[in-house]
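J.:
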Amino acid sequence: MFFGTTAWFTAFVDGLNTDSEYEKAAARYEGTMTIVAEIKGLPRPVCIWLDPYHGKVGDWTFLNNPTDKPADYVLTAGYDVWKAICRGKQDVM
Numbered sequence: 019m020f021f022g023t024t025a026w027f028t029a030f031v032d033g034l035n036t037d038s039e040y041e042k043a044a045a046r047y048e049g050t051m052t053i054v055a056e057i058k059g060l061p062r063p064v065c066i067w068l069d070p071y072h073g074k075v076g077d078w079t080f081l082n083n084p085t086d087k088p089a090d091y092v093l094t095a096g097y098d099v100w101k102a103i104c105r106g107k108q109d110v111m
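Under the numbering used here, the first residue of the sequence shown carries the number 19, and numbering increases by one thereafter.
Shown next, in the form of structure tokens:
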């Protein structure tokens, strides 16, 4: 399973939705977000729009461009940063 694929993001969202720590930490969070991963060698970044709400991610979709769908927050970083965040080695803040 490779980062940026439908299978990877499905597993990512499923993991968030079954993680009790995430649910507790994000229990009061409301607001859509777009995650933009800039990866060297790709013609454009990998972009995913998410609708997290009170500790669960409802809807999500890939975007061709980070501005294709409005989001309350746009989080942009290189692949290495997203990799560290996903592995719990770096805080998203």
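By construction, the Cβ of each residue, glycine as well, lies at the ideal position given by its N, Cα and C atoms.
Can you name the start and end residues of the alpha helix (DSSP H) that residue 39 belongs to?
T.: Unbroken alpha helix (DSSP H) run through residue 39: 38-43.
J.: Could you check what DSSP says for residue 97 in three-state terms: helix, strand or coil?
T.: Reduced to three states, the DSSP call for residue 97 is helix.
J.: To the nearest angstrom, how far is it from the Cα of residue 54 to the Cα of residue 95?
T.: Their Cα atoms are separated by approximately 6 angstroms.
J.: Can you tell me where the alpha helix (DSSP H) with residue 33 in it begins and where it stops?
T.: That run of the alpha helix (DSSP H) goes 24-35.
J.: Determine, using beta-carbon pairs with one atom in the stretch 78-88 and one in the stretch 97-104, whether at least three such pairs fall under 8 angstroms.
T.: Cβ pair count under 8 angstroms is below three, so no.
J.: Restricting to Cα atoms, I'd like to know which of 88, 109 and 40 is closest to residue 65.
T.: Among 88, 109 and 40, the Cα nearest to that of residue 65 is on 88.
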